[in-house]
Amino acid sequence: MIQSSFVSFSNHSKLEVILSDNNVVAIEDESQSWIPKFQPKVFRLSNCDGVDTIPYFLYYQNDLRVIDLSRNNLSGKFPTWLLENNTKLEALHLQHNSFTRPFRLLSYPRPLTLELDVSNNCINGQIPINLNVIFPSLESLNLSNNMFEGHIPPSFGDSRSLNVLDLSNNNLSGGIPEHLAMANNLFFLKLSNNCLRGRIPANFFNLSSVQWLYLDNNSFIGKIPDGLSNASWLEAVNIRNNYSSGVLPQWIGNMSSLMEISLAKNQLQGPIPVELCKLDKLQFLDLSENSLSGSLPACFNPPNITHNSLSSSIPRCLANMTFGSNHAKYFVKQGGILDLMSGIDFSCNQLIGEIPPQIGNINQLHMLNLSHNILTGSIPATFSNLRYIESLDLSYNHLNRSIPSKFTELNSLEVFSVAHNNLSGKIPDFKAQFATFDESSYKGNPYLCGPPSHNNCTDIQEPLSIQKDSKDEQNGGGFIDMDVFHVSYFVSYIMVLLGTLAVLYVNPDWERAWLHFIAVWMTSCYYFVIDSFRKLLNV
């Protein structure tokens with residue numbers, strides 16, 4: 006960081022580029038103004054200490070192509086004069102300042118301006134409806150994180166050069182204008198965190214070029230439009246935290262470019278379509294906090310499906326999951342949702358059955374959360390192969406038997422909990438990472454012993470269920486397949502019923518005797534109820 010002043014450059018008449026990012030700059034006031042001899046094309050004064058006003062010498066500049074005054078302490082009204090003076094301006098970056106008041110533009114076009122970023126300020130009022138006329142060649146517009154209100158101007162649909170439009174984190178209301186679908190070169194659209202409502206227009210997804218779409222944290226209603234299937238290049242869609250309803254459409258499996266889907270916190274119902282298995286590029290899926298039902302598709306390996314009403318067992322195909330991040334759980338692309346995941350979160354569901362040991366073969370896994378389910382059986386010993394695991398939560402299930410002793414080899418483990426299960430036996434040696442876990446990691450398992458618990462392994466016995474299982478294994482006994490048992494019981498019941506009806510149909514005497522028996526039984530029941538009722542009234 007260097008302390009500098011622009012006065013020292015005043016006589017450099019051929020100066021064309023000024024880059025003064027990340028410095029301490031002494032800005033002269035109007036009384037100390039000077040007239041520069043240079044006319045630079047690029048001026049960058051970003052993220053500097055001491056910059057609370059725009060350098061006064063910029064009033065004398067008229068040939069600038071790029072102006073970057075972002076990440077300073079600038080305030081006051083929007084500096085329209087920068088656009089008025091520099092008719093060839095291509096990019097204006099004023100983000101992360103404190104500009105206020107309504108956003109007022111020029112009265113005549115600037116056809117050479119391609120980028121305009123005034124995000125993260127305090128600008129209020131409505132978005133100018135003629136913005137597309139003033140900047141007919143605009144390719145990137147970022148008005149996010151301000152206080153804009155009113156409706157989205159339909160005229161954005163006439164901006165045929167617009168590639169990036171970010172209006173997120175404002176107070177915009179109303180619906181999405183249908184005419185916006187005419188901006189056929191738009192590939193990044195973010196309308197997150199506004200007060201938008203209504204249905205998503207059916208023709209909205211005629212934006213065949215859109216690749217990143219963020220509509221999260223609004224109040225959209227209705228089902229996901231079928232027109233979304235036309236967005237063949239779509240890589241990321243986020244409609245999180247709205248009021249979307251209906252079922253997950255089957256055609257979503259035909260969108261082969263999808264890598265990120267976030268439909269969490271909506272009112273979606275029904276099963277997860279097996280067509281999702283076709284999305285071989287999918288890296289992130291969040292369907293949490295809906296009303297989804299049924300089981301996970303056996304062909305699918307989703308990384309994040311939490312807080313639903315899912316039931317059934319965890320599919321063994323999870324062993325096919327691959328994760329590309331070695332040092333972090335995710336990174337952010339284009340300010341959007343997660344791009345790479347290295348974790349599995351099935352917590353807070355109603356999953357049953359045993360944990361597939363194949364999960365232990367996902368050697369790049371950093372986080373595994375299966376807590377708050379109804380999982381049974383033992384903890385797979387293969388979990389000791391998870392060399393990069395940092396967080397492992399198996400709490401609040403019905404797991405039994407012991408904790409694998411080789412877990413002490415998990416040197417990256419920072420968070421560990423098996424609390425509130427039916428585990429028994431000795432806790433892994435109190436060394437390496439396991440020396441950092443206190444009793445809370447094991448509470449709710451009365452048959453666990455050894456430090457950090459207070460149970461002595463010589464005084465504690467295995468639970469009867471574990472002892473019985475061991476004897477069954479020694480005697481060659483096995484478990485009962487409950488599905489087969491239920492089917493067999495149902496078939497037997499139907500056969501007995503059909504056999505009885507067939508006998509009564511063939512033999513009329515037996516049929517009359519059976520009907521007489523039923524009549525006598527019903528009469529007896531009737532008088533029994535009447536007598537009992539009278540006795541109660543007399544009491």
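Residue numbering for the sequence shown follows the working numbering, beginning at 6 and increasing consecutively.
Note that the Cβ used here is the ideal one computed from N, Cα and C, for glycine as well.
DSSP places residue 49 in the strand class (E or B) of the three-state scheme. The segment 106-114 and the segment 61-73 do not touch, with fewer than 3 CB-CB distances between them shorter than 8 Å.
A residue is called buried once 16 or more other Cβ atoms fall within 10 Å of its Cβ, and residue 104 is buried on that count.
Our two residues, residue 207 and residue 92, have alpha carbons roughly 40 Å apart in a direct line. Nearest Cα to residue 198 within the set 185, 188, 420 and 174: 174. By the CB criterion at 8 Å, residue 134 and residue 108 fall outside the cutoff. Counting along the chain, residue 176 sits inside the beta strand (DSSP E) bounded by residues 176-179. Every unbroken stretch of the beta strand (DSSP E) spanning 3 or more residues and falling wholly within the segment 55-124 is given here in chain order: 71-73, 80-82, 96-98, 103-105 and 120-122. If you look at residue 138, you'll find it isn't in any beta strand (DSSP E); it sits in the alpha helix (DSSP H) that goes 136-139. In the structure shown, residue 359 falls within a strand segment according to DSSP collapsed to helix, strand and coil.
Residue burial is scored here from C-beta neighbours: residue 286 has fewer than 16 other C-beta atoms within 10 angstroms and is therefore classed as exposed. In the DSSP annotation of this structure, residue 11 is not part of any beta strand (DSSP E), being labelled neither H nor E.
Residue environment for residue 513: exposed (fewer than 16 other C-beta atoms within 10 angstroms of its C-beta). C-alpha of residue 527 to C-alpha of residue 405: approximately 50 Å in a straight line.
By the C-beta density criterion, residue 54 is exposed, having fewer than 16 other C-beta atoms within 10 angstroms.
Here residue 21 is exposed. Its C-beta has fewer than 16 other C-beta atoms within 10 Å. When only Cα atoms are considered, residue 368 and residue 192 end up about 35 Å apart. Taking C-beta atoms as the reference points, residue 209 and residue 241 fail to come closer than 8 Å. Our two residues, residue 76 and residue 142, have alpha carbons roughly 26 Å apart in a direct line.
Residue 159 and residue 183 have their C-alpha atoms roughly 8 Å apart. In the DSSP assignment, residue 381 falls within the unbroken beta strand (DSSP E) covering 379-381. Residue environment: residue 29 is assigned as exposed (fewer than 16 neighbouring CB atoms within 10 Å of its CB, all protein chains considered). At a Cβ-Cβ threshold of 8 Å, residue 125 and residue 145 do not count as neighbours. DSSP places residue 283 within a helical segment (H, G or I) once states are collapsed to three. Counting along the chain, no beta strand (DSSP E) covers residue 264, and no H or E run does either.
Beta-carbon to beta-carbon, residue 56 and residue 87 are separated by about 15 Å, too far to satisfy the 8 Å threshold. For the pair residue 139 and residue 393, the Cα-to-Cα distance works out to about 53 Å.
Nearest C-alpha to residue 51 among 26, 42 and 265: 26. The DSSP-derived three-state label of residue 42 is coil.
The C-beta separation of residue 247 from residue 213 comes to about 23 Å, leaving the pair out of contact by the 8 Å criterion. Per DSSP, the continuous beta strand (DSSP E) segment holding residue 272 begins and ends at 272-275.
Per the coordinates, the alpha-carbon of residue 380 lies some 11 Å from the alpha-carbon of residue 353.
It is roughly 20 Å from the alpha-carbon of residue 59 to the alpha-carbon of residue 17.
Per the coordinates, the alpha-carbon of residue 358 lies some 38 Å from the alpha-carbon of residue 238. For residue 298, no pairing in a beta bridge is given by DSSP. Taking every protein chain shown into account, the CB of residue 454 has 16 or more other CB atoms within 10 angstroms, so this residue is buried.
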